[in-house]
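Take a look at the structure below.
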Amino acid sequence: MHDLIIFILIISALLVVASLLQPLAERLRLPHSVLLAAVGVAIAAASVTLLQVRGVPMLREAAEAVSGLSFNSSTYILVFLPALLFQAALTIDVRRMMEDAAPILLLAVVAVFVATAVIGLALWPLAGVPLVVCLLLGSIVATTDPAAVVAIFRDIGAPARLVRLVEGESLLNDAAAIAIFYVLLEIITSGDEPDLLMGAWDLAMDLGGGTLLGIVGARLGVAMIPLLRGRRTAEVTLTLALPYLVFVSGDHFLGVSGVVAVAVAGLVFGAGSRSRLSPSGWAYLDAVWEQVAFLAGSLVFILAALMVPKLLGTVSLHDGLLLLVLVAAALVARALVLFLLLPPLTLLKLSAKISNSYKLVLTWGGLRGAVTLALALSVTEARGIGGEDQRIVTVLATGFVLFTLFINGTTLRPVIKLLGLNRLSPLNQAIRNQVLALSLADVRDSVQQTATEYEFPPTVARAVQKPYDARIQEVTSAGSLEEQISDRDRIVLGLIALANRERQLVLEHHGLQTVSGDIIEGLLRNAGEIYDGARTAGRIGYNRAARKILRLPRAFRFAYALHRWAGIERPLARQVAKRFDKFLVRRLVLEELIRFNSRNLKPLLGIRVAELLGEVLSGRLDASTKALDALGLQYPEYAEALSQRFLRKLALRREMVHFESLFEDGLIGQELFEDLRRGVDARQKEAERRPKLDLKLDKVALIAQVPLFNTLAPDELKRLARVLRSRLALPDQTFIRTGDRGTAMYFISSGAVEVVLPDRRIRLGRGDFFGEMALIDGGPRRADVVALTYCTLLELRSGDFEKFLKANPDISGRIDEVAQERGVKRVA
Ligand code: CMP
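Rendered as structure tokens:
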């Protein structure tokens, strides 16, 4: 009991220290971990010294407690590691990461192997321990901690892609390094002869199995989100459990890599849940996890640092020499990968070009952190590895972490300055000036207005305005944006701003809960593609990416195939309805973007560029409107029902906002508020149901729309209905392809198609038919037939064709006649 109290006391005190160090680190412009480690070492050193001092029993007791503080080191792995990895994975945007999958995998996985090998081989001749032990050390120090580099990169406005690269690399290299670490540890502790083949096989199983486990675990987690009904505390609780569940079941029950499972689970969960959680729910989750990771990271650093003085007691000059070799080998390994292995990827266009300055920073900025420390500490208690082997690994790994923190960490900023990476590019400089000029002018004007309102004497206003005038003068003297950067660059700039805004607008719609999560996800993904398109290929890239949304998604095509080949209608109706929702939101977003362009971008980028951007946007708007109209034309009642539902949800949302503000202002009580909320919830649920779309493929109704069949008697109609099948054609769909074998002909009940002949196009509408020629002469299709709108068709298959003609001589004659006009020669 007493021990527990002391333990809690010390941990709390350490947390106080960690919290105080954060602002200090910012003030000193040093990575937080550097200060944590430094203070940890200092505390431990002080307590060791105090132990020697007699006299003050209180202090002595405290010192004893601190130096006696030791975790069972598997705690580090079991408690802290899953949290650290999961959080890192959660915040990574997987889709964006995928674009740089090649360099990330190279840096992460290949680099870990290279580092393990180079470091292991460099130390082996000198360290006096077996090669496996040296390799084990290599794998421990192969993990990198991105926090410091990422923080600095964000500060200096490094390309976002580079930041993603560093984050992605560090996450995956943690996973890979730890997996290698376990395989090596297994070899050492089992005492068997190392078997390279077995080791490689184990590793492959570990990685593959872990990946699979992570995916399954995360998918299950994502599937559970709807059950939590938007309660954010419940959502966070679920995510807190997830990493530990997959970690423990992987490592202890399934015999696959738990860390890999945790990292993959974080990635998959992050990607899948973002659109299923409300935006505020996601923000909350993100914040809690940031806090958890901060706690875990801080504690690992301090606790590990506390061990340092004890380790130092055993250190010799020889260890110092080994540490220098280790440092050199690690740098060489990293440089090898960045300068030799990355360039071929760039040549193959698998990776964006990274300048040599940034490569240098990446080499120097490969700080090691909590994960390396946690692994090093876990070795101290691993069974089967002891004595000098264990001492060397722990001492060198800890020493190396401290080296990278105290030497690399403190010099990273100066290095960046030296390389000139902290200077704003001319483009950014110009934008900064323009933004400043506009905002300063705004502020100056509002000062004037306020002064007039409050009836301050003009001299007061002028005194306050004067410094603003001077600053405006200063920033505009550099010239306007139009003079400084080319039209082309400003257009790209504008497109990027539009794409960013589009993302926000889609997220706002998500907040309004007007459409379902998967639609938002599709729109978000497309907004991301548009952003990247604009960055890499300007207007062309932007437009190319924007058009992607017009394509039919895979699920749609699958549903369509079910309809066309098996006559199953339900999934297709769902997909058509979703498409409707998607274009509805898209159109609203585009209208908003057009306003954003003229309101916010015009003053910044100039009239000419804004006009051009406006054209791009209205082109997109036209495409969306056309798609919506095509649907609305075919299914007018449904279009209306959907628009109504959309508006109804918006209204409910507004209602809720009202009640919330009344409640917060204390105008209505808790009970009343809850009652109102329940009412809104119930109606919300009702509105949630998507109205059923009737594709209007009822055969009898379709037959009635074709004049050719009007002459038939009721029982003939019935027979006809048996052989015909109803089909839906989609706008722009090529329904018949030139050269194919003829399997059926079609009567048009509604909509319009176009026959594409080499020299002309012929439009056919309701009552017309097509596809008869190939059936009559048995030859290949003579032309493409493309649907112009949604069309309902009646299909007559070739098997039923002859029978049908015999039974209906009138219709048969008409078909023959038309076919002959079109150029067929009837074979007898
Ligand atoms: P088929 O050859 O089976 O497939 C292509 C179809 O295009 C063809 O049958 C006709 O139905 C239609 N088609 C071909 N030529 C013409 C034409 N000149 N005018 C109208 N329709 C045509």
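Per the working numbering, the very first residue in the sequence shown carries number -10; after that it's consecutive.
Glycine included, C-beta positions come from ideal geometry on N, C-alpha and C.
Bear in mind the structure is a predicted one, so any value in this text is a computation, not a measurement.
Checklist entry - When you compare only the Cα positions, how much space is there between Gly731 and Phe758? => result Stepping through the sequence shown from its first residue, residue 731 is reached at position 742. Stepping through the sequence shown from its first residue, residue 758 is reached at position 769. Going by the C-alpha atoms only, they are around 14 Å apart.
Checklist entry - Leaving out the 5 sequence neighbours to the left and right, which residues in its chain are closer than 7 Å to Met762 when beta-carbon positions are compared? => result Sequence index remark: in the sequence shown, residue 762 carries index 773 (1-based). Taken in chain order, the residues that qualify are Arg771, Ala808, Arg811 and Val813.
Next on the checklist: With distance defined between alpha-carbon atoms, name the residue in Gly608, Asp163 and Tyr627 nearest to Arg533.
Outcome noted: As a first step, residue 533 is located in the sequence shown; it is residue number 544 there, counting from the start. That would be Gly608, whose Cα lies nearest to the Cα of Arg533.
Item to check | 6 Å CB neighbourhood of Ala318 in its chain, flanking five on each side removed | outcome: Here residue 318 refers to the residue found at position 329 of the sequence shown. Here Ala318 has Val107, Ile108 and Ala111 as same chain residues with Cβ atoms under 6 Å from its own Cβ, once five neighbours each way along the sequence are excluded.
Next on the checklist: Cutting at 6 Å between CB atoms, please list the residues of its own chain near Gly621, excluding the five before and the five after it.
Outcome noted: Taking the sequence shown and counting its residues from 1, the one referred to as residue 621 is at position 632. Same-chain partners within the cutoff: Ala628.
Next on the checklist: Using beta carbons (cut-off 9 Å, strictly below), is Arg637 in contact with chain D?
Outcome noted: You won't find chain D in this structure, because it holds only one protein chain.
Item to check | Candidates Gly556, Leu602 and Gln633: closest to Leu573 by CA position | outcome: For this step, residue 573 is matched to residue 584 along the sequence shown. Of the candidates Gly556, Leu602 and Gln633, the one whose C-alpha sits nearest the C-alpha of Leu573 is Gln633.
Checklist entry - Helix, strand or coil for Ala260 per DSSP? => result Locating residue 260 in the sequence shown gives position 271, counting from the first residue. Ala260 falls in the helix class under three-state DSSP.
Checklist entry - Where DSSP assigns a beta bridge to Glu784, which residues make up the other side? => result Your numbering for residue 784 matches position 795 in the sequence shown. Partner(s): Arg714 and Tyr735.
Next on the checklist: So if DSSP puts Phe759 in a beta bridge, which residue, or which two residues, is it bridged to?
Outcome noted: Along the sequence shown, read from residue 1 onward, the residue named residue 759 stands at position 770. Answer is Tyr735.
Item to check | Residue range of the beta strand (DSSP E) that includes Glu743 | outcome: Counting from one through the sequence shown, the residue named residue 743 turns up at place 754. Glu743 -> beta strand (DSSP E) spans Val742 to Val745.
Checklist entry - In chain order, what residues of the same chain have a beta carbon less than 8 Å from the beta carbon of Ala673, not counting five sequence neighbours either side? => result Taking the sequence shown and counting its residues from 1, the one referred to as residue 673 is at position 684. What sits at residue 673 in the sequence shown is Gln, not Ala. So the qualifying residues of the chain are Gln502, Lys638 and Leu641.
Next on the checklist: Using the three-state DSSP reduction, which class does Val28 fall into: helix, strand or coil?
Outcome noted: For the purposes of this step, residue 28 is taken as residue 39 along the sequence shown, with counting starting at 1. In the structure shown, Val28 sits in a helix (DSSP, three-state: H, G or I).
Item to check | Rounded separation between Phe102 and Leu95 - CA only | outcome: Locating residue 102 in the sequence shown gives position 113, where the first residue counts as 1. Locating residue 95 in the sequence shown gives position 106, where the first residue counts as 1. The straight-line gap from Cα to Cα measures roughly 10 Å.
Next on the checklist: Which residue wins for smallest C-alpha separation from Glu784, given the options Val775, Leu311, Ala733 and Ala100?
Outcome noted: Residue mapping note: residue 784 aligns to position 795 of the sequence shown, counting from 1. When each option's Cα is compared against that of Glu784, the closest is Ala733.
Next on the checklist: Which of the three DSSP states is assigned to Ile81 in this structure?
Outcome noted: Indexing the sequence shown from 1 puts residue 81 at position 92. Reduced to three states, the DSSP call for Ile81 is coil.
Checklist entry - Between which two residues does the alpha helix (DSSP H) carrying Asp308 extend? => result In the sequence shown, the residue the question calls residue 308 occupies position 319. Annotation: the continuous alpha helix (DSSP H) that includes Asp308 extends over Leu306 to Leu325.
Next on the checklist: Just verifying my parser: in three-state terms, what is the DSSP assignment at Ala817?
Outcome noted: The count along the sequence shown starts at 1 and reaches residue 817 at position 828. For Ala817, the predicted structure reports a pLDDT of 46, less than 50, and the residue's modelled location is therefore unreliable. A value from the coordinates is still provided. Here Ala817 sits in coil by DSSP.
Next on the checklist: If you reduce the DSSP assignment to three classes, tell me which class Glu806 lands in.
Outcome noted: Within the sequence shown, the letter at position 817 stands for residue 806. Correct three-state label for Glu806: helix.
Checklist entry - Leu19: buried (16+ other C-beta within 10 angstroms of its C-beta) or exposed? => result Looking up residue 19 in the sequence shown gives position 30. Leu19 comes out buried.
Item to check | 8 Å contact criterion, which Ile204 and Val253 should meet: CB distance rounded | outcome: Here the question's residue 204 lines up with position 215 in the sequence shown. Here the question's residue 253 lines up with position 264 in the sequence shown. So it is a contact: roughly 6 Å between Cβ atoms.
Item to check | Extent of the continuous beta strand (DSSP E) to which Arg750 belongs | outcome: Counting from one through the sequence shown, the residue named residue 750 turns up at place 761. Where Arg750 is concerned, the enclosing beta strand (DSSP E) stretches over Arg750 to Leu753.
Checklist entry - Which one of Ala619, Ser269, Leu349 and Gly483 has the shortest CA to CA distance from Glu497? => result Here residue 497 is taken as the residue at index 508 of the sequence shown, counted from 1. By alpha-carbon distance to Glu497, the top candidate from Ala619, Ser269, Leu349 and Gly483 is Ser269.
Item to check | Three-state secondary structure (DSSP) of Thr723 | outcome: The count along the sequence shown starts at 1 and reaches residue 723 at position 734. Three-state DSSP puts Thr723 in a strand.
Checklist entry - Ordered along the chain, which non-local residues of its own chain (more than five positions away) have a Cβ less than 6 Å from that of Ala285? => result Here residue 285 corresponds to residue number 296 of the sequence shown, with the count starting at 1. Here the set comprises Phe69, Ala72 and Leu73.
Next on the checklist: Just to confirm before moving on: does the CB-CB distance between Phe395 and Val23 stay below 9 Å?
Outcome noted: For the purposes of this step, residue 395 is taken as residue 406 along the sequence shown, with counting starting at 1. For the purposes of this step, residue 23 is taken as residue 34 along the sequence shown, with counting starting at 1. Yes. Within cutoff.
Next on the checklist: Here's the rule I'm using: 16 or more other beta-carbon atoms within 10 Å means buried, otherwise exposed. How should Asn397 be labelled?
Outcome noted: For this step, residue 397 is matched to residue 408 along the sequence shown. So Asn397 counts as buried.
Next on the checklist: Among the candidates Arg218, Leu746 and Leu656, whose CA atom is the shortest distance from the CA of Arg265?
Outcome noted: As a first step, residue 265 must be located in the sequence shown, where it is residue number 276. With distances taken between Cα atoms, Arg265 lies closest to Arg218.
Checklist entry - Does any heavy atom of the ligand CMP sit closer than 8 Å to the C-beta of Gly756? => result Reading the sequence shown from its first residue, position 767 is the one you call residue 756. Relative to the non-hydrogen atoms of the ligand CMP, the Cβ of Gly756 never comes closer than 8 Å to any of them.
Item to check | For Leu201, the nearest candidate out of Leu713, Leu764 and Leu243 (CA to CA) | outcome: On the sequence shown, position 212 is the one that residue 201 refers to. Closest by alpha carbon: Leu243.
Next on the checklist: Using a Cβ-Cβ cutoff of less than 8 Å, which residues in the same chain neighbour Gly409 once the five nearest sequence positions on both sides are dropped?
Outcome noted: Here the question's residue 409 lines up with position 420 in the sequence shown. Answer for Gly409: Ser346, listed in chain order.
Item to check | Where Gln76 falls, given that 16 or more other Cβ within 10 Å makes a residue buried | outcome: Residue mapping note: residue 76 aligns to position 87 of the sequence shown, counting from 1. Answer is buried; the Cβ neighbour count reaches 16.
Item to check | Minimum C-alpha distance to Gly527 - residue among Arg546, Asp476 and Tyr549 | outcome: The residue given as residue 527 occupies position 538 in the sequence shown. Closest option to Gly527, Cα to Cα, is Asp476.
Checklist entry - Are the beta-carbon atoms belonging to Leu701 and Ser738 less than 9 Å from one another? => result In the sequence shown, residue 701 corresponds to position 712, counting from 1. In the sequence shown, residue 738 corresponds to position 749, counting from 1. Going by C-beta atoms, Leu701 is not nearer than 9 Å to Ser738.
Checklist entry - Cβ of Arg716 versus every heavy atom of the ligand CMP: is any distance shorter than 8 Å? => result Residue numbering aside, residue 716 sits at position 727 when the sequence shown is read from its first letter. False, no ligand heavy atom lies under 8 Å from that Cβ.
Checklist entry - Below 8 Å, can you find three or more Cβ-Cβ pairs linking the stretch 78 to 91 to the stretch 513 to 531? => result yes
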